[in-house]
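Residues 0 to 55 (numbering that gives the first Met the number 0) make up the sequence shown, in order.
Note that CB positions come from ideal geometry on N, CA and C, so glycine has one too.
Presented below is the structure to which this report refers.
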Amino acid sequence: MESVVNKAVINGLLILIFIITAEVVMYDTVSMKSIILAFMLGVVGFLINIFSMKKY
């Protein structure tokens, strides 16, 4: 269970880093909206991993 949670957290961080990097490359700035969006995506991925674990 812990390895799945860690994987979800790592995936969320990778998404966050990817979006911030893309914003810096494209606009030279990072907007708060993209950080919130990336955080929400990470939370959604985290919840999906937990729900998929409960099924098995």
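Is the CB-CB distance between Val8 and Ile49 below 9 Å?
-> Walking along the sequence shown from the start, residue 8 turns up at place 9. Walking along the sequence shown from the start, residue 49 turns up at place 50. Judged by beta-carbon spacing, Ile49 lies beyond the 9 Å limit of Val8, meaning their Cβ atoms are not closer than that value.
Residues near Ser33 in its chain [Cβ-Cβ closer than 8 Å; skip 5 each side] = The count along the sequence shown starts at 1 and reaches residue 33 at position 34. Ile18, Ile19 and Glu22, listed in sequence order.
Give the straight-line distance between the Cα atoms of Ser2 and Tyr26, rounded to the nearest whole angstrom.
-> The residue you call residue 2 lines up with position 3 of the sequence shown. The residue you call residue 26 lines up with position 27 of the sequence shown. In a straight line, the C-alpha of Ser2 is about 36 Å away from that of Tyr26.
Return the chain-ordered list of same chain residues with a C-beta closer than 6 Å to the C-beta of Ser51, the five sequence neighbours on each side being excluded.
-> Position 52 of the sequence shown, counting from 1, holds the residue named residue 51. Cβ neighbours of Ser51 beyond the five flanking positions: none.
Same chain, Cβ closer than 7 Å to Ser30, neighbours up to 5 away in sequence not counted | Mapped onto the sequence shown, residue 30 falls at position 31. Excluding sequence positions up to five before and after Ser30, its CB lies within less than 7 Å of the CB of Glu22, all in the same chain and listed in chain order.
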